[in-house]
Amino acid sequence: MKSVSEVINIDNKHYKMIIIPDELFDTIKEKLGDEFIWDYDKKTNRLFLMKKPESYTDFLSGLGKEMWESAGGEDYIKQEREKWDD
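In full-length UniProt numbering, the protein residues as written are 1 to 86.
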């Protein structure tokens, strides 16, 4: 996968706007639809695109489920709340 700077000519220190070529933009719209979200990762120099969810609540529902299960779930939360009373 190419980095953003390989596809689009950007001066990373001075850019305020990038222009996406029509051909690339048409491909993005074809794959993701008219509404999409993008995020640029400075560490990897990559641009991430994803389809805009109809509901952010539904989209984020269950995020971190495995983490909470491995930590003990409701028992962990109960223990933490008991610490507040001390």
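We put the CB at the ideal spot given by N, CA and C, even for glycine.
Since we're looking at a predicted model, the values are computed, not measured.
Which residues does DSSP pair with residue i in a beta bridge?
| i | result |
| --- | --- |
| Lys51 | Phe36 |
| Asp26 | In DSSP, Asp26 forms no bridge with anything. |
| Arg81 | DSSP, once it has assigned bridges, lists no residue as partnering Arg81. |
| Asp58 | Looking at the DSSP assignment, Asp58 forms no beta bridge with any residue, so it has no partner. |
| Asp41 | Arg46 |
Please name the residue, chosen from the options, that lies closest to residue i on a Cα-to-Cα basis.
| i | options | result |
| --- | --- | --- |
| Tyr40 | Lys78, Phe25, Asp26, Leu49 | Leu49 |
| Arg46 | Trp38, Gly33, Lys31 | Trp38 |
| Ser55 | Thr27, Phe36, Lys42 | Phe36 |
I think residue i touches residue j, with their Cβ atoms under 8 Å apart; what is that distance to the nearest whole Å?
| i | j | result |
| --- | --- | --- |
| Leu32 | Lys51 | 4 Å |
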